[in-house]
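Novice:
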């Protein structure tokens, strides 16, 4: 499900049945970075180091990584309040492989289809830029079961599992979606 239209650089997304929000998805701006880091922190899903790296990544994206094809978009309510963001990029030294690095939805707005809408946007954007598949990585622990269920529901398949990747007993699960279909 791609955004329904474009308006002043923003992709306007219809609210659908699951939410009453009037939403816009557009290129993230430096003045939003603190709010995006706060969104990630407030979900309770990310470690302190991951959140720190996110802050650094957002600054690097604004100053240099955007030139390398990295995309960061903020999902906002009609009043401008960020309710989520998606960060995706082409994989270095590959032809057509893309990574979905970050997908965050405000903890109070989860379960309304917003994550799915942002994933569909990232898929469409990667496809438009020559991507033939999109990879997403997550933890194999019980804490991340809902994340894995989400990727299953939006059509991703487990491509690989790297045992003890993050720590002993914490596998890395790599999901893949073929964008050519």
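Residue numbers (my numbering): 363 to 543. A virtual CB, placed ideally from N, CA and C, is assigned to each residue, including glycine.
Check whether the stretch 463-476 touches the stretch 399-414, counting contact only when three or more Cβ pairs, one atom from each stretch, lie closer than 8 Å.
Specialist: yes
Novice: Which residue spans inside the stretch 421-481 form an unbroken beta strand (DSSP E) run of at least 3?
Specialist: The stretch 421-481 contains these whole beta strand (DSSP E) runs: 433-439, 444-452 and 459-467.
Novice: Count the other CB atoms within 10 Å of the CB of residue 515; is the residue buried (16 or more) or exposed (fewer)?
Specialist: Exposed.
Novice: When the cut-off is 8 Å and only beta carbons count, does residue 424 lie next to chain B?
Specialist: This model lacks chain B altogether; it includes just one protein chain.
Novice: For residue 523, does the count of other Cβ atoms within 10 angstroms reach 16, so buried, or fall short, so exposed?
Specialist: exposed
Novice: From the DSSP output, in three-state form, read off residue 518 for me.
Specialist: coil
Novice: Going straight from the alpha carbon of residue 498 to that of residue 491, what length do you get?
Specialist: 18 Å
Novice: So, is residue 444 buried or exposed, given that buried needs 16 or more other C-beta atoms within 10 angstroms?
Specialist: By the Cβ-count criterion, residue 444 is buried, with 16 or more other Cβ atoms from all chains shown falling within 10 Å of its own Cβ.
Novice: Would you identify the three-state DSSP class for residue 511, choosing helix, strand or coil?
Specialist: helix
Novice: How long is the line joining the alpha carbons of residue 422 and residue 517, rounded to whole angstroms?
Specialist: 31 Å
Novice: Hey, residue 495 and residue 427 are a contact pair by Cβ (cut 8 Å); roughly how many whole angstroms apart?
Specialist: Incorrect: roughly 21 Å between the Cβ atoms, too far for contact.
Novice: Sorted by chain position, which residues of the same chain lie with C-beta nearer than 7 Å to residue 396's C-beta, five sequence neighbours on each side aside?
Specialist: Taking residue 396 as the centre and dropping the five residues before and after it, the same chain places no C-beta closer than 7 Å to its C-beta.
Novice: In whole angstroms, what is the alpha-carbon distance linking residue 482 and residue 448?
Specialist: The C-alpha of residue 482 lies about 10 Å from the C-alpha of residue 448.
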